[in-house]
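Read through the structure below, which is laid out as structure tokens, and then see the notes.
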Amino acid sequence: MSRRIAVVGAPSFTTGFRLAGVDEFREIRDENKDDELDGAVEDVLSLDDIGIVVMHQDDLDHLSHEVRENAETSVEPVVVTLGGEGEGALREKIKRAIGIDLMEQ
Amino acid sequence: MAIEDEVKPTRKDLMEIKERIELSEQGHETLEKKRDGLIMEFMEILEESQDVRENLSDDYERAQKRIDKARALDGDVAVRGAASARAETPRITLESKNIMGVVVPQIEGSKVQKDVGERGYSLLETSARIDEAAEAYEELLDTIILAAEIETAMKKMLEEIEKTKRRVNALEFKLIPELKDAQEFIELRLEEMEREEIFRLKKIKEKKEQEEKEERAREDMFDESATEA
């Protein structure tokens, strides 16, 4: 099945992806992130034809606990984060599943 | 619930429990092998993912620099204008492959990288800097698609590892010890019943001997009185 890519974030974050042709985007200004980001992320995660959601790692901090967990564990679509550390949730998951911190540098 | 309430101290139950222990131990061994195999596969994907993560942050940094440059020199309006005019949407197709019973996706991107003419915006009204930014973001999307494939595989593998680990632990620390306790309980109870049985038989034998003895004494007494008469 052919799917699209979605981008969620500040207009300055999404513009570049729109330039590369991404047509599913949710632009949330920095000052509104605490109020509107949850809804935008839930919205794109619920779309059937979206395969990948691109977000900035720092934006995850604006999400409520529940939505953040959804975003971090979702497989279809999968959320790929850019910037920041980017491995926090996965690192925790590895520690829990395998018992050791494999990402330790 | 106590084991004593669940099992009956019979030989049939003992045999059943022994069979269940054997089966559980075999299952435990197989699951342990599966868990170790999954961890090995996961380690390979993890190494790959660390390379992809590095590429991802390099590509993102480069794309950001290019778009910042375009914004600074051509203005935000021009960049956003070009962004609104894009025609072709990059698409991805999901296929799946199986790693030790875990279905992980294989993601293919199509129409991600395009020629300048295919980008939808007017070449006359935009600068080469915008082209460069678009190209950098197209490359970034390609890396994102690769990262998505690997991260999904990692998430699914981790879930399976956790699930297998929980099963191994449940067998090792709950089911097998409980079954062994039940086996011990039945064996002790059966031994006790056997001892009781022996004791009872002994008692019956003693009673019978006593009766025989009394019978003989009575007969002797009868014989003696008959001879006297």
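If you're matching them up, the sequences are chains A and B in order. With the working numbering, letter number 71 in the first sequence gets 71, and the count goes up by one each step, no holes. With the working numbering, letter number 122 in the second sequence gets 122, and the count goes up by one each step, no holes. Each residue gets a CB set at the ideal place from its N, CA and C atoms; glycine is no exception. What you are looking at is a predicted structure, and each value in this text was computed from that prediction instead of being measured.
Check	Outcome
Name the chain B residues whose beta carbon is nearer than 7 Å to that of S46/A?	Simply none; closest approach about 17 Å.
Run down chain A in chain order and give the residues with a C-beta less than 7 Å from the C-beta of E88/B.	G21
Using a threshold of 7 Å, state whether the C-beta atoms of I45/B and A153/B are closer than that.	yes
Please report the straight-line C-alpha distance between I98/A and L73/B, rounded to a whole angstrom.	50 Å
Please list, in chain order, the residues of the stretch 75 to 99 of chain A that have any C-beta partner in chain B closer than 9 Å.	V75, E76, P77, V78, V79, V80, L82, G83, G86, E87, L90, K93, I94, R96, A97, I98 and G99
Across which residues does DSSP place M55/A in a beta bridge pair?	V8/A and T81/A
Which of the three DSSP states is assigned to K207/B in this structure?	helix
Taking DSSP's pairing of strands, which residues face I150/B in a bridge?	Its beta-bridge partners do not exist; DSSP assigns none.
Helix, strand or coil for E88/B, going by three-state DSSP, please let me know.	coil
Whole-angstrom Cβ separation of I52/A and I150/B, contact assumed at under 8 Å?	With 8 Å as the limit, I52/A and I150/B do not qualify as a contact, their Cβ atoms being about 12 Å apart.
Which of helix, strand or coil does DSSP assign to L94/B?	strand
Using a Cβ cut-off of 7 Å (strictly closer), state whether I150/B contacts chain A.	no
Would you check if the distance between the CB atom of T126/B and the CB atom of N55/B is smaller than 7 Å?	no
Please name the residues in the stretch 3 to 28 of chain B whose beta-carbon is closer than 8 Å to at least one beta-carbon of chain A, in chain order.	none
Roughly how many whole angstroms lie between the Cα atoms of A182/B and L188/B?	10 Å
Among A63/B, R35/B and L158/B, which has the Cα closest to the Cα of R96/A?	L158/B
In the DSSP assignment, find the alpha helix (DSSP H) that holds S127/B and state where it starts and stops.	Counting along the chain, S127/B falls outside any alpha helix (DSSP H), and DSSP gives it neither H nor E.
Kindly indicate which three-state DSSP category I39/B falls into: helix, strand or coil?	helix
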